[in-house]
Structures are given as C-alpha cells and as structure tokens.
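Asks:
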Amino acid sequence: FPANRVYSLYQDRKGFIWMGTDIGLVRYDGEEFVTYKNPPADSVTSMQGNIGLIQEDRQGWIWFFSIKVRMYVSVLNPNTNKIHHFLEDGKPMHGYSIYEWGDSLYLSTDHGIQLFNRRTMTVEGEILDSTFVWPRHRSQWTDFAGCFWARGKQGVVCYDPATGKKYHRKNNPFNWEIFRNHPDYFCI
C-alpha cells in the first residue's frame, strides 16, 4: 500500500475504492493501487495530501477535499486523469462539499454555496452567500423536492434552485415552524 495514513474512503459507482491519504488520492480497482499526484513543478502540490472527504458527482468526477489547516478543494476527471485545484486570488480555495440539483453542481465554500461551471472549471456567484451560511459549513442537505437546506447565521436557511428563492427566519411566507425561534428546537 502506498500510504502511511488513510483519512477517508469512498466507493464510486464503478466499484473502485478511493482513499484519501497522507500522500494524496489513491484508487484501488481490486488488483492494484493507483496514486494520483501532481507534477513536481505544480505550485499547489502541497494541497493534495491529507484528504479528508471524497465525493463523486453524477458525471463520475471525483471531488476531494484536503485537510491541511483548512479544507482545500480539488477534482479529478477520471476520463482524462487530470486533477484541477481550485484557486482564489492565487491561493488554494477552501471548500467543504458538493451538492447537485438537476444539471447544476454547487460547491460549499467560505463564501457560501456557489455554482460550479464545468465548462470553465470555475465557481460563480454565491447562491447562498456567507451572510446566510456559516463559513466552513458542512451541515447542508437536499430534500426530496431538490431544495438546499443549511444552518447559518440566520438560523436554518432553505434555497430553492428552481425558483432562486431563499427562505429563512426573516423570509417565511409559508409560516414554516422550522424557521421560528423556539427554545425547544435544535435544528441541524
């Protein structure tokens, strides 16, 4: 085995086992281990070790989040075997997880929940910005109707990608109990 420590495990839809290790992303196909590393000249190589979370999107891309001091986000396109590291102002972008709705993929970052553009390999405007969700948040989920739910500075927040509307304590047209301040409730 190529690594000393394994921080995370994930089995993709093809049955491959992905491991987040102290040396980077490792794939096991049942017979051999393949370690995905950056070229030595890559300025963000240090981002690749200590992978704490691995996720797969609907297109089979493998997203991984390094856990140095903070979580850095990268993605592997298994069709090309190329790794893309997300940068912000020339520094590694902090990211925490991915969410999908329809054909769209959203990335949880320090700035909130942002839309990922697969064509340009960039994240775009905040869907739920940091005034709604806590930085370094990992407590989001998608409900059966496809809405994002997150904990945040305004309590629980719901974002409906179909309409682009945000619902929270100060915007509660449906009078949902979950948005009311109630001492007996602890949400998320």
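Sequential numbering of the sequence shown, starting at 105, is according to our numbering.
We put the beta carbon where it would ideally sit given N, CA and C, even for glycine.
#1: Would a C-beta distance cut-off of 9 Å place I202 and W167 closer than the cut-off?
#2: Check the C-beta distance from K269 over to V261 and give it rounded, since I have them as a contact under 8 Å.
#3: Which class does F137 belong to by DSSP, given the choice of helix, strand or coil?
#4: Since G199 and S208 are thought to touch, with beta carbons under 8 Å apart, how far apart are those beta carbons, to the nearest angstrom?
#5: Could you say which of I155, G164, D161, N181 lies nearest to I171 if we only look at CA atoms?
#6: Can you say whether L232 is buried or exposed, counting buried as having 16 or more other CB atoms within 10 angstroms of its CB?
#7: Please identify the residue among W205, E228, E192, Q163 whose C-alpha is closest to the C-alpha of F248.
#8: Can you tell me the Cβ-Cβ gap for G164 and R117, rounded? I've got them flagged as a contact below 8 Å.
#9: Could you tell me which residues DSSP pairs with G199 in its beta bridges?
#10: List the endpoints of the continuous beta strand (DSSP E) containing T267.
#11: Give me the Cα-Cα distance between L129 and M123, rounded to the nearest whole angstrom.
#12: I need the straight-line Cα distance from G119 to K274, nearest angstrom please.
#13: For N185, which residues in the same chain have their Cβ closer than 8 Å to its Cβ, ignoring the five residues on either side in sequence?
#14: For L157, tell me which candidate among V110, N181, G134 has the shortest Cα-Cα distance.
#15: On the DSSP bridge assignment, give the partners of E160 in chain order.
#16: Should N221 and E228 be called a contact, given that it needs their Cβ atoms to be closer than 9 Å?
Replies: Put simply:
#1: For the pair I202 and W167, the CB atoms are nearer than the 9 Å cut-off.
#2: That belief does not hold up - the Cβ atoms of K269 and V261 are roughly 11 Å apart, past 8 Å.
#3: strand
#4: With 8 Å as the limit, G199 and S208 do not qualify as a contact, their Cβ atoms being about 16 Å apart.
#5: The shortest Cα separation from I171 among I155, G164, D161, N181 belongs to I155.
#6: Buried.
#7: For F248, the closest C-alpha among the options W205, E228, E192, Q163 is that of W205.
#8: With a contact defined as Cβ atoms closer than 8 Å, G164 and R117 qualify at about 7 Å.
#9: T213
#10: Boundaries cannot be given for T267, as no beta strand (DSSP E) includes it and DSSP labels it neither H nor E.
#11: 6 Å
#12: 45 Å
#13: Y140
#14: Considering only V110, N181, G134, the residue with the shortest C-alpha distance to L157 is V110.
#15: I166
#16: yes
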